[in-house]
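**Student:** Just so we're aligned, residue 36 is where the sequence shown starts under my numbering, counting upward by one.
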Amino acid sequence: MKLNRRIAMTVTGVTTLVGATVALAPAAGATGTTTATTKTAVTASAPATKAASAAAAAAYNGACGTGYRVVNSAQIGTPKSLGTVYLTYSAATGKNCVVTVRNAAGSAVHMTAELTITATGERSRDSGNYTTYAGPVYLHAAGYCVNWYGEISGISAGKVGTNCSSAAR
Numbered sequence: 036m037k038l039n040r041r042i043a044m045t046v047t048g049v050t051t052l053v054g055a056t057v058a059l060a061p062a063a064g065a066t067g068t069t070t071a072t073t074k075t076a077v078t079a080s081a082p083a084t085k086a087a088s089a090a091a092a093a094a095y096n097g098a099c100g101t102g103y104r105v106v107n108s109a110q111i112g113t114p115k116s117l118g119t120v121y122l123t124y125s126a127a128t129g130k131n132c133v134v135t136v137r138n139a140a141g142s143a144v145h146m147t148a149e150l151t152i153t154a155t156g157e158r159s160r161d162s163g164n165y166t167t168y169a170g171p172v173y174l175h176a177a178g179y180c181v182n183w184y185g186e187i188s189g190i191s192a193g194k195v196g197t198n199c200s201s202a203a204r
């Protein structure tokens, strides 16, 4: 994306969008709007506040694919969040998916995304050095409880025995 003019902006939160169309509103005294479509991350930031830091959590990046919706998540790292692990589900396929997303891309660090069917122990895992996210990993888990977790630089988060029925999805 190439912008040919400078735009005065007021940003009230922190938002990261990937593959979205964004309408940028002008600050007081400026005129017009600008719309940008991007295949890479567009990040807007504001002065650090309690509300802004909560909004800084990594947004789900859609890595699991079309038809998957977020059904659970866990922040990785407290009080300073490194990212978020997301559990998603597709009603069309009956599959769960896990992806671990960093708050900010950077040099490659060790990351993990893991999903296990609680009753059977069947597991899917992606682990390695990544700059942005680990996963996606998938299992057909309709009607089963799942254990899922993510890890960034040795700090992990996740949940055990969750999302057990189709009603919970």
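Ideal Cβ positions, reconstructed from N, Cα and C, are used throughout, including at glycine.
Of the choices His175, Ile111 and Ala140, whose alpha-carbon is the least far from that of Gly156?
**Tutor:** It is His175.
**Student:** Taking the runs of the beta strand (DSSP E) that are 3 residues or longer, which of them lie wholly in the segment 98 to 166?
**Tutor:** The segment 98 to 166 contains these whole beta strand (DSSP E) runs: 104 to 111, 118 to 125, 130 to 137, 144 to 152 and 158 to 165.
**Student:** Please classify Val120 as buried or exposed, where buried requires at least 16 neighbouring CB atoms within 10 angstroms.
**Tutor:** With 16 or more other Cβ atoms within 10 Å, it is buried.
**Student:** When burial is assigned at 16 or more other CB atoms within 10 Å of the CB, is Pro171 buried or exposed?
**Tutor:** Buried: at least 16 other Cβ atoms inside 10 Å.
**Student:** Does the segment 100 to 107 come within contact of the segment 136 to 156, defined as at least 3 CB pairs closer than 8 Å?
**Tutor:** With a cut-off of 8 Å, the segment 136 to 156 and the segment 100 to 107 do not count as touching, because too few Cβ pairs lie within range.
**Student:** Indicate whether Thr153 and Asn182 have their beta-carbon atoms separated by less than 7 Å.
**Tutor:** Cβ distance < 7 Å, so Thr153 and Asn182 count as in contact.
**Student:** Among the candidates Lys115, Cys132, Tyr95 and Tyr173, whose CA atom is the shortest distance from the CA of Ile190?
**Tutor:** Looking at the Cα atoms, Lys115 is the closest of the given residues.
**Student:** Which class does Ala65 belong to by DSSP, given the choice of helix, strand or coil?
**Tutor:** For Ala65, the pLDDT reaches just 41, beneath the cut-off of 50, and the residue's location in the model is therefore unreliable, although a value from the coordinates is still provided. Coil.
**Student:** Check this for me: beta carbons of Ala93 and Gly112, under 7 Å apart or not?
**Tutor:** The answer is no: Cβ separation not under 7 Å.
**Student:** Quick one: what's got a C-beta closer than 7 Å to Tyr184's C-beta in the same chain, skipping five residues either side?
**Tutor:** Val120, Glu149, Ser191, Ala192 and Gly193, listed in sequence order.
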